[in-house]
Structure formats: C-alpha cells, structure tokens
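Structure first, commentary second.
Number of protein chains: 2
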Amino acid sequence: MVKLDFEKTNGLIPAIAQDYQTGEVLMMAYMSEASFEETLKSGKATYWSRSRQKLWKKGETSGHTQQVKEIRVDCDGDTVLLKVDQIGGAACHKGYKSCFFSIVENDELKIVESKVFDPKEVYK
Amino acid sequence: MVKLDFEKTNGLIPAIAQDYQTGEVLMMAYMSEASFEETLKSGKATYWSRSRQKLWKKGETSGHTQQVKEIRVDCDGDTVLLKVDQIGGAACHKGYKSCFFSIVENDELKIVESKVFDPKEVYK
C-alpha cells in the first residue's frame, strides 16, 4: 500500500492533473486520504472539495471525468501528479481545457485560451 | 498589478514549476505574496520555505535556479503555474530532474527516472 504524508498539511495534499498526451497542466486540487484511495480504486480522479467539504468525483456534474493513466508521487510523498485522459476535453468549470488559461503580462492577467464549452449549458 | 488570493490558504499559494520546453512537471512548492513579487521582479522562481520559514530563492545553494519564461494563474487566482528553464537540468534536491520521479505501480512506489546529479556533491 502506498502511504502518502497527509499529516503535514492537515489531511489534504495537493494533486496536479496533467494531460497524459500533451503534458498540459489542467488543474490543481486537493486530495484527502479517502479521495486518493477512491482514485486508485476507481481509476477516476477524485478530489476533496474544500468549499463543499466532501469527496469530489471530478466530472460527476459535467460528465467531464478524468481517467487516470498514471499516478506520480513527489520526493516528499506529499504531492501527487495525475496523468489523465480528460473526458470532454475540458477540466475547468469555466469551460476551458485548463484552469491555467491566463498569463501574467505587463502586470496584468490576460486570457490566452479559448473555451471548449459554455458553463451555462453544462451546469444547469 | 496582478492580485492573487493569498487569503484563502493562510498566505501561501501552491506554485507548480513546469519545464517550458518539454512540459514536464518539475516540482510543487508554496509562494507567499513576497515570493510572488520577488519572482516577478527577478525573473527567477522564488518560493516560501515552510520548513525554514523564509523566502527560498530556488537554487541559491545548488546553483540550479529556475529562469521564469511564463507565469500562469488559475481560474480562482489561488494557484500559480511557472514555465521555467531549469538551470543545471534538475529541480529536485534528491538529484532528479523532477521531484515526481516515482510512479504508483501495483500498490507500490517505483522510481522511474535517473539522477542528474549527486546530492552529496552539490549540497556539501
């Protein structure tokens, strides 16, 4: 059994999701021990929602699940990197493929990606 | 001025460093507002060391600095993605290019990368 260090950060560790083909970083969320185990068991990325304080099966509302292709753990055992197949092509609840759709340029944030879906259509 | 949400997570936000050419995720660390500003100003990745409780200019001991090529911010403004040129070729203090050198396989952690440097030689 793979043991991660959930103690250091009060039970939640950062989990980075990356497109397993393109290497694009899609999002960063948190995992509890239960969500890590559910991810291992189901093969679908499962996080811990800090706002809703519950297990968050990514894509359960939008259908945009993440099929886990590979799980990496960092040198300290307190951060996880998921290589995923992003179903529906978009990880971000704002409709973009990646949550990192803005860059810092001339001291301002500038959106440099296009939406894959319209959030109003998906989250009715 | 780009304002990030440092309040939600007690003054520290996660920062992911990614190789700007290959897309490889190198490491995840934390940034205080001061380290984010120092990163912007200097063009070199600067984090907050939770263990040492001080500004951490990445590479100040090893020489393996990270030249920042692009900074992305996520949809909630509370996570940063740095696209960097990793000087010396290795981000991990254990001598690997990436801190994510282990994969979960058959319920165990397996090292799948090779060391770029010997930590005993670099951290004397």
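In order, the protein sequences belong to chains A and B. Residue 1119 is where the first sequence starts when you use the numbering used here, and the numbers rise one by one after that. Residue 1119 is where the second sequence starts when you use the numbering used here, and the numbers rise one by one after that. The C-beta atom is built at its ideal place from N, Cα and C for all residues, glycine as well. All figures in this text were calculated on a predicted structure; none of them were measured in a lab.
- At least one beta carbon of chain A lies nearer than 9 Å to the beta carbon of residue 1214(B).
- In this structure residue 1209(B) touches residue 1135(B) by the C-beta definition: roughly 6 Å separates them, less than 8 Å.
- With its beta carbon at least 9 Å from every one in chain B, residue 1180(A) lies outside the interface.
- Annotation for residue 1133(A): the continuous beta strand (DSSP E) segment containing it runs 1131 to 1137.
- By the neighbour-count criterion, in which 16 or more other beta carbons inside 10 Å mark a residue as buried, residue 1168(B) falls on the exposed side.
- Three or more Cβ pairs closer than 8 Å define a contact, and the segment 1208 to 1224 of chain B meets that threshold against the segment 1181 to 1200 of chain A.
- Looking at the backbone, the Cα of residue 1225(B) and that of residue 1186(A) are separated by about 15 Å.
- Proximity to residue 1181(B) across 1222(B), 1206(B), 1173(B) and 1154(B) peaks at 1206(B), based on C-alpha coordinates.
- Taking a Cβ-Cβ cut-off of 9 Å, the neighbours of residue 1226(B) in chain A comprise 1119 and 1120, given in sequence order.
- Between residue 1201(B) and residue 1188(B) the beta-carbon gap is near 4 Å, inside 8 Å, which marks them as a contact.
- Apart from the 5 residues on each side of it in sequence, residue 1233(B) sits with its Cβ closer than 7 Å to the Cβ of 1213 and 1214 in its chain, given in chain order.
- Of the other Cβ atoms in all chains shown, 16 or more fall within 10 Å of the Cβ of residue 1165(A); this residue is therefore buried.
- Taking 8 Å as the upper bound on Cβ-Cβ separation, chain A lies near residues 1132, 1134, 1136, 1140, 1141, 1142 and 1143 of the segment 1128 to 1143 of chain B.
- With 16 or more other Cβ atoms inside 10 Å of its own Cβ, residue 1137(B) counts as buried.
- Beta bridge pairing from DSSP links residue 1190(A) with 1199(A) and 1221(B).
- For residue 1151(B), the three-state secondary structure derived from DSSP is helix.
- At a cut-off of 9 Å, the C-beta of residue 1218(A) has a neighbouring C-beta in chain B.
- In the structure shown, the three-state DSSP call for residue 1216(B) is coil.
- Per DSSP, residue 1239(B) lies in no beta strand (DSSP E) segment; the continuous alpha helix (DSSP H) that holds it begins and ends at 1237 to 1240.
- Sequence-distant partners of residue 1150(B) (beyond 5 residues in either direction) whose C-beta falls short of 8 Å from its own C-beta, in its chain, are 1124, 1129, 1130, 1166 and 1173.
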